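Accompanying notes for the structure given below.
Numbering (the numbering used here), first residue to last: 2 to 160.
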């Protein structure tokens, strides 16, 4: 059984690393390129609203990986908890990842998509701006939670 748990731990760490990379890449590379498309294309081909629609599609696709991460964290950390391997920092980080991932997938993203479907005017409203800022903060906290989980689990795996 220990052999299978080691394999699960390796898969878990790889998944967390890939997810952290995807979150950072989406925020640090994809978003700036999409929202500055005129700089890369030489002229303004897309409006800011259209760029936002493309970015939202990217995050909708990324939400599938977020869901998988929520499930993986819940199962892996739940199993460790059940087996008596309890550590408050890891438990807190797991809660943060699950909660912020769920908030992103089932609160922020649907609201943003709904507001975008209402039209360009709605995306300039204070409600949209606040929702968007909240989703950015939520995703940063999600990434921090993943980083803490990775560090804690690598620290334990290397003992």
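Cβ atoms here follow ideal geometry from the backbone N, Cα and C, with glycine treated the same way.
Keep in mind that this is a model prediction, so the values were computed, not measured.
| Asked | Found |
| --- | --- |
| Neighbourhood of residue 36 by C-beta distance below 6 Å, restricted to the same chain and skipping five residues each side | 52 |
| Buried or exposed (CB count within 10 angstroms, at least 16 for buried), residue 11 | exposed |
| Three-way DSSP call (helix, strand, coil) for residue 87 in this model | coil |
| Straight-line Cα distance separating residue 144 from residue 25 | 8 Å |
| DSSP three-state assignment for residue 133, whether helix, strand or coil | helix |
| Inter-stretch contact (C-beta, 8 Å, three-pair minimum) for the region 59-73 and the region 87-102 | yes |
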